[in-house]
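Going left to right, the sequence shown walks through residues 37 to 243 as my numbering numbers them. From the three backbone atoms N, C-alpha and C, an ideal C-beta is built for every residue, glycine too. Source: prediction; values computed, not measured.
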Amino acid sequence: MAGASISGKTIEDSKRRLTHENKVSELIRDNRDGWKEDRILELFRESMRDQICKIPILHKNHDDQRVWFHNPWGFYSTKTTYSWLILKKVGFGPHKIFWRVIWKLKTLPKIRIFCWKLVHDILPTYIKIASIREGFNSVCLRCGNERETLIHVMKDCPKARAVLEHGGFNNRLLDENFTRCIDWLEEAMRVLDRTAAADFVTVLWNI
(Lines of atoms letter the chains of each structure in order from A and count residues from 1; the text may use other names and numbers.)
(Lines give C-alpha, C1' and ligand atoms only; values in the text may rest on other atoms or scores of the structure.)
Protein backbone atom coordinates (compact mmCIF):
# COMPACT_ATOMS: atom_id res chain seq x y z
CA MET A 1 0.00 0.00 0.00
CA ALA A 2 1.49 3.34 -1.11
CA GLY A 3 2.88 5.55 1.61
CA ALA A 4 2.63 2.89 4.34
CA SER A 5 5.41 1.45 6.43
CA ILE A 6 5.75 -2.02 7.92
CA SER A 7 4.69 -0.70 11.32
CA GLY A 8 1.41 0.46 9.85
CA LYS A 9 2.30 4.15 10.06
CA THR A 10 2.58 6.24 6.93
CA ILE A 11 5.82 7.61 5.58
CA GLU A 12 4.43 11.08 6.16
CA ASP A 13 4.10 10.26 9.86
CA SER A 14 7.76 9.26 9.88
CA LYS A 15 8.72 12.53 8.24
CA ARG A 16 6.85 14.47 10.86
CA ARG A 17 8.86 12.78 13.60
CA LEU A 18 12.14 13.91 12.01
CA THR A 19 11.86 17.40 13.41
CA HIS A 20 15.09 19.35 13.42
CA GLU A 21 13.55 22.68 14.37
CA ASN A 22 13.80 23.62 18.03
CA LYS A 23 12.51 27.18 17.88
CA VAL A 24 9.55 28.88 16.25
CA SER A 25 11.94 31.26 14.49
CA GLU A 26 13.29 28.32 12.50
CA LEU A 27 9.90 28.02 10.81
CA ILE A 28 10.13 31.61 9.57
CA ARG A 29 11.83 32.49 6.29
CA ASP A 30 15.28 34.01 6.56
CA ASN A 31 14.12 37.40 5.29
CA ARG A 32 11.20 37.29 7.79
CA ASP A 33 8.63 37.96 5.05
CA GLY A 34 6.53 34.90 5.90
CA TRP A 35 6.34 31.36 7.24
CA LYS A 36 7.95 28.26 5.72
CA GLU A 37 4.55 26.93 4.71
CA ASP A 38 5.76 23.71 3.09
CA ARG A 39 7.73 22.70 6.16
CA ILE A 40 4.87 23.64 8.48
CA LEU A 41 2.58 21.49 6.36
CA GLU A 42 4.94 18.54 6.79
CA LEU A 43 5.01 18.97 10.54
CA PHE A 44 1.47 19.94 11.42
CA ARG A 45 -0.83 19.01 8.52
CA GLU A 46 -3.06 21.38 6.59
CA SER A 47 -5.49 22.53 9.29
CA MET A 48 -2.71 23.55 11.68
CA ARG A 49 -0.64 25.05 8.88
CA ASP A 50 -3.42 27.47 8.01
CA GLN A 51 -3.75 28.58 11.62
CA ILE A 52 -0.01 28.99 12.14
CA CYS A 53 0.53 30.91 8.92
CA LYS A 54 -2.15 33.42 9.88
CA ILE A 55 -0.08 34.51 12.87
CA PRO A 56 1.54 37.86 12.00
CA ILE A 57 5.32 38.04 12.09
CA LEU A 58 6.92 40.91 13.96
CA HIS A 59 9.72 42.53 11.97
CA LYS A 60 11.38 44.06 15.02
CA ASN A 61 12.88 42.01 17.79
CA HIS A 62 11.13 42.42 21.13
CA ASP A 63 12.17 41.11 24.50
CA ASP A 64 9.88 38.57 26.12
CA GLN A 65 7.76 39.90 28.95
CA ARG A 66 5.21 38.63 31.41
CA VAL A 67 1.64 39.75 30.81
CA TRP A 68 -1.23 39.75 33.32
CA PHE A 69 -4.28 38.98 31.17
CA HIS A 70 -6.77 40.30 33.73
CA ASN A 71 -5.57 43.84 33.19
CA PRO A 72 -6.14 45.47 29.75
CA TRP A 73 -2.60 46.90 29.85
CA GLY A 74 -1.01 43.65 30.95
CA PHE A 75 0.35 44.95 34.26
CA TYR A 76 0.02 42.88 37.41
CA SER A 77 -1.09 44.43 40.68
CA THR A 78 -2.65 43.18 43.90
CA LYS A 79 -5.64 45.42 43.18
CA THR A 80 -6.42 43.77 39.84
CA THR A 81 -5.88 40.36 41.41
CA TYR A 82 -8.35 41.17 44.17
CA SER A 83 -10.93 42.38 41.62
CA TRP A 84 -10.45 39.27 39.51
CA LEU A 85 -10.86 36.98 42.54
CA ILE A 86 -14.07 38.77 43.52
CA LEU A 87 -15.49 38.30 40.03
CA LYS A 88 -14.48 34.66 40.05
CA LYS A 89 -16.16 34.12 43.41
CA VAL A 90 -19.45 35.90 42.71
CA GLY A 91 -19.96 34.14 39.40
CA PHE A 92 -21.96 35.32 36.42
CA GLY A 93 -25.52 34.42 37.40
CA PRO A 94 -28.30 33.86 34.85
CA HIS A 95 -27.13 36.43 32.30
CA LYS A 96 -24.37 34.34 30.77
CA ILE A 97 -24.45 35.92 27.30
CA PHE A 98 -24.08 39.38 28.80
CA TRP A 99 -21.18 38.25 30.97
CA ARG A 100 -19.37 36.56 28.09
CA VAL A 101 -19.34 39.91 26.31
CA ILE A 102 -18.34 41.90 29.40
CA TRP A 103 -15.51 39.49 30.27
CA LYS A 104 -13.93 39.93 26.83
CA LEU A 105 -14.04 43.71 26.84
CA LYS A 106 -10.79 45.62 27.21
CA THR A 107 -11.76 47.45 30.36
CA LEU A 108 -10.74 47.66 34.00
CA PRO A 109 -11.73 44.95 36.49
CA LYS A 110 -13.42 47.57 38.67
CA ILE A 111 -15.71 48.42 35.76
CA ARG A 112 -16.60 44.74 35.38
CA ILE A 113 -17.47 44.67 39.09
CA PHE A 114 -19.57 47.80 38.54
CA CYS A 115 -21.41 45.94 35.75
CA TRP A 116 -22.00 43.05 38.12
CA LYS A 117 -23.59 45.48 40.59
CA LEU A 118 -25.75 46.94 37.82
CA VAL A 119 -26.99 43.51 36.76
CA HIS A 120 -27.86 42.54 40.33
CA ASP A 121 -29.39 45.96 41.11
CA ILE A 122 -27.34 46.46 44.26
CA LEU A 123 -26.09 50.00 43.69
CA PRO A 124 -27.30 52.38 46.44
CA THR A 125 -29.94 54.27 44.43
CA TYR A 126 -32.37 56.45 46.37
CA ILE A 127 -35.27 54.10 45.79
CA LYS A 128 -33.14 51.23 47.12
CA ILE A 129 -32.28 53.24 50.24
CA ALA A 130 -35.94 54.26 50.67
CA SER A 131 -36.93 50.60 50.72
CA ILE A 132 -34.93 50.06 53.91
CA ARG A 133 -35.10 53.52 55.46
CA GLU A 134 -38.54 54.85 56.26
CA GLY A 135 -39.22 58.43 55.16
CA PHE A 136 -36.20 58.65 52.85
CA ASN A 137 -36.85 60.83 49.77
CA SER A 138 -36.44 58.64 46.68
CA VAL A 139 -36.68 61.47 44.12
CA CYS A 140 -33.64 61.86 41.85
CA LEU A 141 -31.45 64.63 43.24
CA ARG A 142 -30.07 65.55 39.83
CA CYS A 143 -33.32 66.19 37.96
CA GLY A 144 -35.91 66.31 40.74
CA ASN A 145 -38.55 64.80 38.45
CA GLU A 146 -38.58 61.03 38.92
CA ARG A 147 -37.78 58.48 41.55
CA GLU A 148 -34.15 57.44 41.38
CA THR A 149 -34.40 53.86 40.14
CA LEU A 150 -31.37 52.21 38.59
CA ILE A 151 -32.66 52.54 35.03
CA HIS A 152 -33.47 56.19 35.72
CA VAL A 153 -30.06 57.11 37.09
CA MET A 154 -28.21 55.29 34.29
CA LYS A 155 -30.44 56.11 31.29
CA ASP A 156 -33.65 58.09 31.79
CA CYS A 157 -32.42 61.01 33.89
CA PRO A 158 -31.92 64.01 31.54
CA LYS A 159 -28.39 64.54 32.85
CA ALA A 160 -27.46 60.88 32.33
CA ARG A 161 -28.97 61.01 28.85
CA ALA A 162 -26.93 64.12 28.03
CA VAL A 163 -23.73 62.29 29.01
CA LEU A 164 -24.68 59.26 26.88
CA GLU A 165 -25.57 61.45 23.89
CA HIS A 166 -22.25 63.27 24.26
CA GLY A 167 -20.59 59.84 24.22
CA GLY A 168 -22.10 59.23 20.79
CA PHE A 169 -24.65 56.55 21.68
CA ASN A 170 -27.60 56.43 19.33
CA ASN A 171 -31.29 57.00 19.93
CA ARG A 172 -32.10 53.31 19.65
CA LEU A 173 -30.43 52.73 23.00
CA LEU A 174 -31.76 55.92 24.56
CA ASP A 175 -35.36 56.16 23.32
CA GLU A 176 -36.57 52.60 23.82
CA ASN A 177 -38.35 52.02 27.13
CA PHE A 178 -36.88 49.59 29.66
CA THR A 179 -38.00 48.88 33.22
CA ARG A 180 -34.94 46.83 34.20
CA CYS A 181 -31.36 47.95 33.76
CA ILE A 182 -30.18 44.46 32.81
CA ASP A 183 -32.60 44.36 29.85
CA TRP A 184 -31.19 47.65 28.61
CA LEU A 185 -27.60 46.47 29.08
CA GLU A 186 -28.20 43.20 27.24
CA GLU A 187 -29.78 45.11 24.34
CA ALA A 188 -26.72 47.38 24.25
CA MET A 189 -24.38 44.37 24.10
CA ARG A 190 -26.37 43.03 21.14
CA VAL A 191 -26.13 46.18 19.03
CA LEU A 192 -22.65 47.47 19.95
CA ASP A 193 -19.32 46.09 18.82
CA ARG A 194 -16.68 45.34 21.45
CA THR A 195 -14.97 48.71 21.28
CA ALA A 196 -18.25 50.60 21.55
CA ALA A 197 -19.44 48.25 24.33
CA ALA A 198 -16.27 48.95 26.34
CA ASP A 199 -16.81 52.69 25.87
CA PHE A 200 -20.47 52.29 26.86
CA VAL A 201 -19.85 50.60 30.22
CA THR A 202 -17.02 53.05 30.96
CA VAL A 203 -19.39 55.98 30.39
CA LEU A 204 -21.96 54.34 32.68
CA TRP A 205 -19.29 53.92 35.35
CA ASN A 206 -18.51 57.64 35.13
CA ILE A 207 -22.17 58.68 35.37
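{"Asked": "According to DSSP, Arg2 sits in a beta bridge with which residue or residues?", "Found": "Since the first residue of the chain shown is 37 and the last is 243, residue 2 is not available in this structure."}
{"Asked": "Taking the C-alpha atoms as reference points, what is the distance between Leu141 and Ala232?", "Found": "10 Å"}
{"Asked": "Could you check the C-alpha separation between Ala234 and Cys89 for me, to the nearest Å?", "Found": "30 Å"}
{"Asked": "What separation, rounded to the nearest whole angstrom, lies between the Cα atoms of Asp69 and Thr215?", "Found": "56 Å"}
{"Asked": "In the DSSP assignment, find the unbroken alpha helix (DSSP H) run with Ser61 in it and report its ends.", "Found": "Neither: Ser61 is in no alpha helix (DSSP H) and is coded neither H nor E."}
{"Asked": "Trp71 by DSSP, collapsed to three states: which one?", "Found": "strand"}
{"Asked": "In whole angstroms, what is the alpha-carbon distance linking Arg183 and Trp120?", "Found": "33 Å"}
{"Asked": "How many Å lie between Arg65 and Thr117 at the Cα?", "Found": "40 Å"}
{"Asked": "Between Lys195 and the rest of its own chain, which residues show a CB-CB distance below 7 Å, the 5 nearest in sequence each way excluded?", "Found": "Arg178 and Cys179"}
{"Asked": "Which residue marks the beginning of the alpha helix (DSSP H) containing Lys195, and which one marks its end?", "Found": "Pro194 to His202"}
{"Asked": "Could you check what DSSP says for Ile91 in three-state terms: helix, strand or coil?", "Found": "coil"}
{"Asked": "On the CB-based measure, 16 or more other CB atoms within 10 Å of its CB, does His190 come out buried or exposed?", "Found": "Reading the sequence as shown, one finds Met at residue 190 and not His. The residue is buried, with at least 16 neighbouring Cβ atoms inside 10 Å."}
{"Asked": "What separation, rounded to the nearest whole angstrom, lies between the Cα atoms of Leu209 and Leu240?", "Found": "13 Å"}
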